[in-house]
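Participant: Take this structure first; my questions come after.
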Amino acid sequence: KIPSHAIGIRSTENDKYQVIDENTTAVIEEIEESKAFFQ
Numbered sequence: 005k006i007p008s009h010a011i012g013i014r015s016t017e018n019d020k021y022q023v024i025d026e027n028t029t030a031v032i033e034e035i036e037e038s039k040a041f042f043q
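Take 5 as the starting number for the sequence shown in this note's numbering and just add one per residue.
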């Protein structure tokens, strides 16, 4: 196993928001809580 596949090295926050396409309900992106309201 490769550790980087199990652990996010760019994200240390547990709380995230998902950006979801309303037409397909597909998750487009996950954003950390601290950045969600600034992007």
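Ideal Cβ placement from N, Cα and C applies to all residues, glycine included.
Bear in mind the structure is a predicted one, so any value in this text is a computation, not a measurement.
Look at Ile4 and Lys20 and say whether their C-beta atoms are less than 8 Å apart.
Facilitator: Only positions 5 to 43 of the chain appear in the structure, and residue 4 is not among them; the question remains open.
Participant: Could you spell out the range, first to last residue, of the beta strand (DSSP E) harbouring Lys20?
Facilitator: 20-24 is the extent of the beta strand (DSSP E) around Lys20.
Participant: Do you know how far the Cα of Thr16 is from the Cα of Ala40?
Facilitator: Whole-angstrom Cα-Cα distance: 14 Å.
Participant: So, for Glu37: in the same chain, excluding its five sequence neighbours on each side, which residues have a beta-carbon less than 7 Å away from its beta-carbon?
Facilitator: So the list reads Glu17, Asp19, Lys20, Tyr21, once near-sequence residues are dropped.
Participant: List the residues that DSSP assigns as beta-bridge partners of Glu34.
Facilitator: Paired residue(s): Gln22.
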